Structure formats: structure tokens, C-alpha cells
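The numbering used here applies: residue 11 is where the sequence shown begins, and numbers increase by one.
Glycine included, C-beta positions come from ideal geometry on N, C-alpha and C.
Fair warning: this is a prediction, and the values are worked out from it, not measured in the lab.
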Amino acid sequence: MRRRLPRRFYRRDSRELAPLLLNKVLVHGKRSVRVVEVEAYAGAEDPGSHAFRGMRPRNATMFGPPGHLYVYRSYGMHWCANIVCGDEGWASAVLLRGATPLTGIEEMYASRPGIVRDRDLAAGPGRLCQALGIDGTFDGTDIVKGSDGVLLYDDGTAPPDDPGVSTRIGLSPGKGDQSPWRYYVRGAIGVSRAPSR
């Protein structure tokens with residue numbers, strides 16, 4: 011079974027949506043991965059979120075309608091992809107942190123020189139984007155309509171009943187680093203690192 015997810019699926023709080031995204035399949039062209047690690051960002055109320063200081067050109071997509079990709083560059087090096095959620099204006103999003111490669115694996119290796127194990131192809135948000143060929147030009151892509159060949163679907167694999175939960179990774183002390191809003195599939199290939207607590 012392969013079911014594209016409707017817009018209403020994304021119209022919910024990021025902390026509710028994040029664990030529901032686990033085991034969904036993200037596709038770009040011939041490449042596909044199973045999402046196994048995510049982090050929730052709760053908009054203007056969340057000091058760890060890009061939306062915490064309000065809307066700017068860089069984060070405008072976060073304030074738009076749900077079901078679109080918000081893609082940004084981290085530390086001037088790596089592209090990171092988020093799925094915008096909630097109602098328009100909430101600026102909530104879920105970061106795609108890690109995934110298990112499914113199809114197009116040869117293309118992924120070509121995009122990731124030096125990688126020799128499948129488990130490392132999409133383990134981490136920057137690696138995930140590189141493996142799928144997603145960069146800043148995909149910011150604002152509508153994954154409900156499948157714009158730019160990118161879509162998210164449900165293949166019948168349910169999210170885990172008991173996902174791993176931990177604090178988010180890489181945030182500065184006092185800026186949302188203690189919020190337990192990271193969710194992952196225990197033992198899955200593509201989880202970026204062991205629990206932070």
C-alpha cells in the first residue's frame with residue numbers, strides 16, 4: 011500500500027506530528043528513504059526554533075501553510091530539511107534528522123563520496139539531504155502535491171508504539187536544549203546518534 015498523505019495530516023502541533031512521521035517514506039525522484047529520526051520545533055514559543063525571533067526572509071517558509079519543506083543551510087555547510095506543520099502562521103516544523111535508505115542507493119553513494127556503509131548515507135540531517143539531493147532550491151516545495159519530485163507517503167508501516175525519545179541535538183544551553191522533542195525508531199539504520207540522555 012502506498013498512500014500519499016493529505017494536507018490535514020500536517021495540520022497539527024509539531025510535537026504531535028513528529029512521532030507520526032516515523033516510518034513514513036520520503037521520495038525524491040528515484041531515491042527514497044524511510045524516516046527514522048525527527049525533532050519537533052514549536053514556532054515562536056520555542057527558543058530552539060528559527061521562528062523564535064519572528065519572521066525573516068530566511069525562515070518565511072515556516073510561517074506558510076503546512077505540508078511544505080523548509081530547507082536551510084546549517085553552519086554554512088549542510089542543508090537541512092523540515093516539514094512545516096500546524097496552521098499557517100504557527101511557524102512550527104519537524105526536522106528530518108535521519109533515515110534508512112530504500113531505493114536509489116547507488117545515486118546516494120554518488121552524492122556521498124567517502125561513505126562506505128548504507129547506515130551512514132542518511133544518518134543526520136545534512137547527510138539525509140545530501141543523499142536525496144535536496145538543497146536550498148527545495149525550500150517551499152509542496153510535498154502534498156509532490157512538487158519538484160519530492161513527496162512523503164505512508165507505505166503501511168506504522169510508527170513505533172514506543173519510539174525512542176530524547177532531548178534535541180546541537181542546541182545551545184538554555185535555548186530549548188532540554189526539551190524532549192527528538193523521536194526515533196529504536197535500533198533503526200540511519201538514526202544519527204545514541205540518545206543524549
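(1) Could you check what DSSP says for Arg-196 in three-state terms: helix, strand or coil?
(2) Please return the same chain residues whose Cβ sits closer than 6 Å to the Cβ of Val-35, not counting the five positions on each side in sequence.
(3) For Tyr-20, name the three-state secondary structure that DSSP assigns.
(4) Considering Cα atoms alone, identify which of Arg-25, Arg-14, Arg-17 and Arg-13 is closest to Ser-189.
(5) Relative to the C-alpha of Pro-29, which residue among Arg-107, Gly-124 and Met-65 is closest?
(6) How about Thr-110 and Ile-179: are their beta carbons less than 7 Å apart?
(7) Label Arg-207 either buried or exposed according to how many other C-beta atoms from any shown protein chain fall within 10 Å of its C-beta, with 16 as the threshold for buried.
(8) Please return the same chain residues whose Cβ sits closer than 7 Å to the Cβ of Thr-113, not counting the five positions on each side in sequence.
(9) Suppose only complete runs of 3+ residues qualify. What are the beta strand (DSSP E) ranges in the region 19-93, listed by chain order?
So, from the data block:
(1) Taking the first residue of the sequence shown as position 1, residue 196 is located at position 186. Taken through DSSP and simplified to helix, strand or coil, Arg-196 comes out as coil.
(2) One-based indexing of the sequence shown puts residue 35 at position 25. Same-chain partners within the cutoff: Ser-42, Arg-44, Tyr-163 and Asp-165.
(3) Here residue 20 corresponds to residue number 10 of the sequence shown, with the count starting at 1. Three-state DSSP puts Tyr-20 in a helix.
(4) What you label residue 189 is simply residue 179 of the sequence shown in a count that begins at 1. Ranked by how close their Cα comes to the Cα of Ser-189, the residues Arg-25, Arg-14, Arg-17 and Arg-13 have Arg-25 in first place.
(5) Translated into the one-based positions of the sequence shown, residue 29 becomes position 19. Taking only the C-alpha atoms, the option nearest Pro-29 is Arg-107.
(6) Counting from 1 along the sequence shown, the entry for residue 110 is found at position 100. Counting from 1 along the sequence shown, the entry for residue 179 is found at position 169. Not in contact: Thr-110 and Ile-179 (Cβ atoms no closer than 7 Å).
(7) The count along the sequence shown starts at 1 and reaches residue 207 at position 197. In this prediction, Arg-207 scores a pLDDT of 44, lower than 50, which makes its location untrustworthy; the coordinate-derived value is nonetheless stated afterwards. So Arg-207 ends up on the exposed side.
(8) Taking the first residue of the sequence shown as position 1, residue 113 is located at position 103. Only Lys-40, Arg-41 and Ser-42 meet the Cβ criterion.
(9) The DSSP assignment places 35-38, 41-51 and 79-84 as complete runs of the beta strand (DSSP E) inside the region 19-93, in order along the chain (cut-off: 3 residues).
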